[in-house]
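Q: Before we start, here is the structure in question, set down as structure tokens.
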Amino acid sequence: MSDASDDDRREMLRQVRRIQVRTDRMVTDVMAGGYTSVFRGAGIEFDEVREFAPGDDVRSVDWNVTARAGRPFVKKFMEERELTVMLVLDVSPSTTFGTDPEPRGGGAERARTVRETAALVCGCFAFAAARNNDKAGMITFTDRIERYVPAKKGRRHVLRLIREAYAQEHQGRGTDVAQALDYAGRIQRRRAVVIVVSDFLAPLPDKQLRVLANRHDVIAVRIRDPHTDRLPDAGLLRLRDPETGRDALVDTASRRVRDEVARRMQAERLRLDEACKRAGVDVLEVETRGSVADPIVKFFRMRDRRGSKR
9 MSDASDDDRR EMLRQVRRIQ VRTDRMVTDV MAGGYTSVFR GAGIEFDEVR EFAPGDDVRS
69 VDWNVTARAG RPFVKKFMEE RELTVMLVLD VSPSTTFGTD PEPRGGGAER ARTVRETAAL
129 VCGCFAFAAA RNNDKAGMIT FTDRIERYVP AKKGRRHVLR LIREAYAQEH QGRGTDVAQA
189 LDYAGRIQRR RAVVIVVSDF LAPLPDKQLR VLANRHDVIA VRIRDPHTDR LPDAGLLRLR
249 DPETGRDALV DTASRRVRDE VARRMQAERL RLDEACKRAG VDVLEVETRG SVADPIVKFF
309 RMRDRRGSKR
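Residue numbers (the numbering used here): 9 to 318.
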């Protein structure tokens, strides 16, 4: 038993290290510039006082300095660059799902679990923050708050966040997104970029999402395994809900059953999109197979074209 546990622990550490190396490389190669262009600081701060020039806004005149100098001066402000990235990560049992885990022939990359893909996403954002001297923190949740890691700077801190994202053991069995959003709003008082990473198989609550988005720049990252959208034609399958433990015998040979599953999953995706649209929240979707960096870079470009939220 102890040998198996030691083997599991060593494999987990190898996975964490692999995620660290891959996310660091992705940020270095393709993501760093995009991050800087679309995320802004928390506000503006005073820079200096200078003499009034044609075209200056009269509302920026510093009347005290103007009175002393006998000619008009204005206050100059600069954007406060430093910001905080808070990762709100779903670690509920459903995130252990992954199909086709072994690589196919020709050296193709194996599919990742939802949990591993989420860890890669978190690592990408955390490394991008570290490269820009910003802080990154993390809240992990199931049907309870599992862990809160306060935001800090530095690459060593990023490695801790990746370990929390991929290797943390959890106590809860279900998923409570509303509680996680409430908690994020309570502990993150200053404006931040709040990135909610989940498979979103549980509903995204409108009220809590709107409240959080009113104060922060909120992004919903949906981790999607394509096989959850459509069942394979594989005959009778015994399926288990990882969060309730309930089993069900499903006839996947039935086209009606497969179509109904596809319809329900599509409806869930539309509900997520509509909830985020109502709250003014952007949605980023990342699949468990293929590049993680590509959809993030595409997302950055979209935000840059549109103009980032302030």
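The beta carbon of each residue, even a glycine, is placed where N, CA and C say it ideally should be.
Short of 8 Å in beta carbon distance, which residues of its chain neighbour L189, apart from the five on each side in sequence? Order them along the chain.
A: Hits under 8 Å: V96, V204, P213, Q216, L217, V219, L220.
Q: Which residue spans inside the stretch 50-85 form an unbroken alpha helix (DSSP H) run of at least 4?
A: Correct list: 71-77.
Q: Check each candidate in D184, Q196, R197, I195 and name the one with the smallest Cα separation from A210.
A: When only C-alpha atoms are compared, the closest one is D184.
Q: Would you say A228 and V289 are within 8 Å of each other, going by their C-beta atoms?
A: Yes, the pair counts as a contact, with Cβ atoms nearer than the cut-off.
Q: Going by C-alpha to C-alpha distance, which of S262, A256, P234 sits closest to D241?
A: D241 has its Cα closest to that of S262, out of S262, A256, P234.
Q: Do G288 and the ligand FAD come close, with the Cβ less than 7 Å from some heavy atom?
A: Of the ligands one can find in the structure shown there are none, so the ligand FAD has no counterpart to examine.
Q: Going along the chain, which unbroken runs of the beta strand (DSSP E) with 3 or more residues stay wholly within the stretch 96-183?
A: For the stretch 96-183, whole beta strand (DSSP E) runs of length 3 or above, ordered along the chain, are 143-149, 153-160.
Q: According to DSSP, is E282 helix, strand or coil?
A: E282: helix per DSSP, three-state reduction.
Q: If we call anything under 8 Å between Cβ atoms a contact, is G182 one with T148?
A: No, the pair does not count as a contact, with Cβ atoms beyond the cut-off.
Q: Rank Q176, S102, R266, R311 by C-alpha distance to the C-alpha of F208 and give the top, closest one.
A: Checked all of Q176, S102, R266, R311; the closest Cα to F208 is S102.
Q: DSSP state of D255, grouped into three classes?
A: Strand.
Q: Measuring only the C-alpha atoms, how far is L280 from G162?
A: Computed Cα separation, rounded: 33 Å.
Q: How long is the line joining the alpha carbons of R33 and R171, rounded to whole angstroms?
A: The alpha-carbon atoms of R33 and R171 are separated by roughly 17 Å.
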